[in-house]
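Its first residue numbered 1038, the sequence shown is counted upward by one per residue in our numbering. Yeah, the Cβ is synthetic: ideal placement off N, Cα and C, and Gly gets one too.
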Amino acid sequence: MNLSQRQEKIIEVVKRDQPLSGEKIADHLGISHATLRTDLSFLTMAGILEASPKVGYTYTGVGIEQFLFDKIFSVKVEEIMLSPLLTPQDTSIHDAITNMFMYDVGSIYVTDKEQHLVGLLSRKDLLRASLNSNLQNTPVAVVMTRAPHLQTCTKDYTILEAGAVLLDYQVDSLPVVSEEDPKKVIGKITKSRIFNYIMQQAKQTETNR
1038 MNLSQRQEKI
1048 IEVVKRDQPL
1058 SGEKIADHLG
1068 ISHATLRTDL
1078 SFLTMAGILE
1088 ASPKVGYTYT
1098 GVGIEQFLFD
1108 KIFSVKVEEI
1118 MLSPLLTPQD
1128 TSIHDAITNM
1138 FMYDVGSIYV
1148 TDKEQHLVGL
1158 LSRKDLLRAS
1168 LNSNLQNTPV
1178 AVVMTRAPHL
1188 QTCTKDYTIL
1198 EAGAVLLDYQ
1208 VDSLPVVSEE
1218 DPKKVIGKIT
1228 KSRIFNYIMQ
1238 QAKQTETNR
């Protein structure tokens, strides 16, 4: 849910010259009061503006923070998910380690011949596997965490829902799977991706104050 350009202008005008009647806000923006009614109703219901009889509209300050909180955490995983790094289950541990550091990722998703998710390789898995002296010939299927033990999400999860799963199960990433085919990986969401997104939005909000 995003504020329109006109709604942002209304907030700016009210913050600067509050309290203001609807008519005065309309005069500031050079449009009719009737045109503003829907926007003013929305901003009031969202808690961003407060309407008082015979006083006019004032900026609540607190309301906008709640609005922004809801806006940020209701973002869908689909909007910020990353491309997954996939590898066949017969890939050698040596090659998997090389790929992990080459692409600078914390996890690799292992698939079968049908491109279905069968497991996950974390850095911890590969670190443990590196003690094996036969890395060139040992397939990742031997050391991966198998699919039945993996937590996944779909693209329609909110980042709040995905973050809760990451924390509850103490994992660093979740495969994003297709709703039509829950074994097909279409993306990846990580703790760091969610954190970075939240920080970007917070900095932008602070800049726009």
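Inter-residue spacing [alpha-carbon to alpha-carbon] between residue i and residue j
i: Ile1048; j: Leu1123; result: 47 Å
i: Thr1227; j: Thr1097; result: 35 Å
i: Glu1060; j: Asp1076; result: 13 Å
i: Met1038; j: His1153; result: Since pLDDT at Met1038 reaches only 49, below the 50 mark, its modelled position is unreliable, and the value read off the structure follows with that caveat. Each residue's Cα considered, the two are about 34 Å apart.
i: Gly1156; j: Asp1218; result: 16 Å
i: Gln1055; j: Ala1088; result: 11 Å
i: Ser1058; j: Arg1074; result: 12 Å
i: Val1213; j: Asp1107; result: 22 Å
i: Ser1078; j: Tyr1094; result: 11 Å
i: Ile1084; j: Arg1053; result: The question names Ile, but residue 1084 in the sequence shown is Gly. Looking at the two C-alpha atoms, the distance is approximately 18 Å.
i: Gln1188; j: Leu1040; result: 34 Å
i: Asn1233; j: Gln1042; result: 26 Å
i: Thr1253; j: Asp1141; result: As shown, the chain starts at 1038 and ends at 1246. That puts residue 1253 outside it, with no answer to give.
i: Ala1166; j: Gln1207; result: 21 Å
i: Leu1203; j: Ile1117; result: 15 Å
C-beta contact flag for residue i and residue j at 8 Å
i: Ser1144; j: Ser1215; result: no
i: Pro1125; j: Thr1148; result: yes
i: Ala1133; j: Leu1163; result: yes
i: Leu1172; j: His1131; result: yes
i: Ile1235; j: Ile1109; result: yes
i: Lys1113; j: Asp1193; result: yes
i: Leu1066; j: Gln1044; result: no
i: Val1050; j: Ile1062; result: yes
i: Leu1119; j: Lys1240; result: no
i: Pro1121; j: Tyr1146; result: yes
i: Ser1129; j: Asn1174; result: yes
i: Thr1195; j: Ser1111; result: yes
Residue i - DSSP class collapsed to helix/strand/coil
i: Ser1280; result: Since the first residue shown for the chain is 1038 and the last is 1246, residue 1280 is missing from the structure and cannot be characterised.
i: Thr1195; result: strand
i: Leu1203; result: helix
i: Thr988; result: As displayed, the chain neither begins before 1038 nor continues past 1246, which places residue 988 out of reach and without an answer.
i: Thr1095; result: strand
i: Ile1068; result: coil
i: Leu1187; result: coil
i: Leu1040; result: coil
i: Ser1229; result: helix
i: Val1180; result: coil
i: Val1050; result: helix
i: Lys1221; result: strand
In the segment 1109-1175, which residue ranges form an unbroken beta strand (DSSP E) of at least 3 residues, counting only runs that do not cross its ends? 1123-1125, 1144-1148 and 1154-1159
If contact is defined by three or more beta carbon pairs under 8 Å, each pair taking one atom from either stretch, is the segment 1219-1239 in contact with the segment 1134-1141? no
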